[in-house]
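In UniProt numbering, the protein residues as written are 1 to 219.
Data first, discussion second: the structure below is written as structure tokens.
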């Protein structure tokens, strides 16, 4: 995995394994550690989160679990009724309040908690798709808007114990997002239109209006 930069006065560079060690060290001092992994669309949040989760669990079996924000996408029927389907993935197309409630439940812990997941192939959120077990003490929460400094997303700030931001060159983001839509069967023109009309405005919002993170991952 790419190197990481710790945001402190020394701007100390750390590796992915250093980050895993830092998470495990922090987790040793608390009943449950909630780590935000944020970044723009196409930054690789899902891949990085899964990689970190596997590395943590290799050292502390079944301690970590990934909790995606995308399970709180509004259904397409609601977006159609609000004439917002073309902006799917933008902040207003998520149930931020429901996501906040889930995070508060997860922080409290003490019981298994059922969470939703987003199915990209079906293009919908599936309720009850996964379970965060009571004894899983490291939650890697991943999503675009976790560090957004705008309401209502800024209410999430106190719910995270550590924060990581994935940094990717803007042109590379655009290329990745076009490739994503090509992978879903769009032709080149449609893939470019989809990326430029919706994904990149969302990416620019994240890049320009996210709070500083504890760690920057140049992915």
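We treat Cβ as the ideally placed atom computed from N, Cα and C, and that holds for glycine.
Could you check whether residue 56 and residue 20 sit closer than 7 Å to each other, using their CB atoms as the reference points?
Indexing the chain shown from 1 puts residue 20 at position 20. Indexing the chain shown from 1 puts residue 56 at position 56. For residue 20 and residue 56, yes; Cβs fall inside 7 Å.
Should residue 100 and residue 26 be called a contact, given that it needs their Cβ atoms to be closer than 7 Å?
Translated into the one-based positions of the chain shown, residue 100 becomes position 100. Translated into the one-based positions of the chain shown, residue 26 becomes position 26. Not closer than 7 Å, so no.
Going along the chain, which residues of its own chain have a beta-carbon closer than 6 Å to the beta-carbon of residue 36, five neighbours each way excluded?
Position 36 of the chain shown, counted from the first residue, corresponds to residue 36. So the list reads 141, 146, 160, 163, once near-sequence residues are dropped.
DSSP bridge partner residues for residue 218 (one or two, in chain order):
Counting from one through the chain shown, the residue named residue 218 turns up at place 218. According to the DSSP secondary-structure assignment, residue 218 is paired through a beta bridge with 167.
DSSP state of residue 21 mapped onto helix, strand, coil:
Walking along the chain shown from the start, residue 21 turns up at place 21. DSSP places residue 21 in helix when its eight states are reduced to three.
Secondary structure of residue 90, DSSP reduced to three states:
Walking along the chain shown from the start, residue 90 turns up at place 90. Reduced to three states, the DSSP call for residue 90 is coil.
Compute the beta-carbon to beta-carbon distance between residue 219 and residue 166, rounded to the nearest angstrom, for a pair I have assumed lies under 8 Å.
Taking the chain shown and counting its residues from 1, one reaches residue 219 at position 219. Taking the chain shown and counting its residues from 1, one reaches residue 166 at position 166. Between the beta-carbon of residue 219 and that of residue 166 there is about 5 Å, and that keeps the pair under the 8 Å contact cut.
Where do the ends of the beta strand (DSSP E) carrying residue 118 lie?
As a position in the chain shown, residue 118 is number 118, starting the count at 1. Here the beta strand (DSSP E) through residue 118 covers 113-119.
For residue 120 and residue 199, I'd like the C-alpha separation in whole angstroms.
Taking the chain shown and counting its residues from 1, the one referred to as residue 120 is at position 120. Taking the chain shown and counting its residues from 1, the one referred to as residue 199 is at position 199. In a straight line, the C-alpha of residue 120 is about 15 Å away from that of residue 199.
Segments of 4+ residues assigned as alpha helix (DSSP H) that fall wholly inside the UniProt domain "Phosphoribulokinase/uridine kinase" (34-180):
45-59, 76-81, 96-108
What separation, rounded to the nearest whole angstrom, lies between the Cα atoms of residue 206 and residue 40?
Indexing the chain shown from 1 puts residue 206 at position 206. Indexing the chain shown from 1 puts residue 40 at position 40. Each residue's Cα considered, the two are about 6 Å apart.
Taking its Cβ as the centre, do 16 or more other Cβ atoms sit within 10 Å of residue 158, making it buried, or is it exposed?
For the purposes of this step, residue 158 is taken as the residue at position 158 of the chain shown. Residue 158 is exposed by the Cβ-count criterion.
Distance, residue 44 Cα to residue 217 Cα:
Position 217 of the chain shown, counted from the first residue, corresponds to residue 217. Position 44 of the chain shown, counted from the first residue, corresponds to residue 44. Taking the straight line joining both Cα atoms gives about 10 Å.
C-alpha distance - residue 79 paired with residue 90, whole-angstrom precision:
Translated into positions along the chain shown, residue 79 becomes position 79. Translated into positions along the chain shown, residue 90 becomes position 90. If you take the alpha carbons of residue 79 and residue 90, they lie about 11 Å apart.
I need the straight-line Cα distance from residue 32 to residue 139, nearest angstrom please.
Reading the chain shown from its first residue, position 32 is the one you call residue 32. Reading the chain shown from its first residue, position 139 is the one you call residue 139. Between residue 32 and residue 139, the C-alpha separation is close to 8 Å.
Is the beta carbon of residue 71 less than 7 Å from the beta carbon of residue 118?
By 1-based counting over the chain shown, the position of residue 71 is 71. By 1-based counting over the chain shown, the position of residue 118 is 118. Yes, they are a contact pair.
Below 8 Å on the Cβ atoms is my contact criterion, and I expect residue 208 with residue 195 to pass it. Report the Cβ-Cβ distance as a whole number of Å.
Mapped onto the chain shown, residue 208 falls at position 208. Mapped onto the chain shown, residue 195 falls at position 195. Actually they do not touch by this definition, with Cβ atoms about 18 Å apart.
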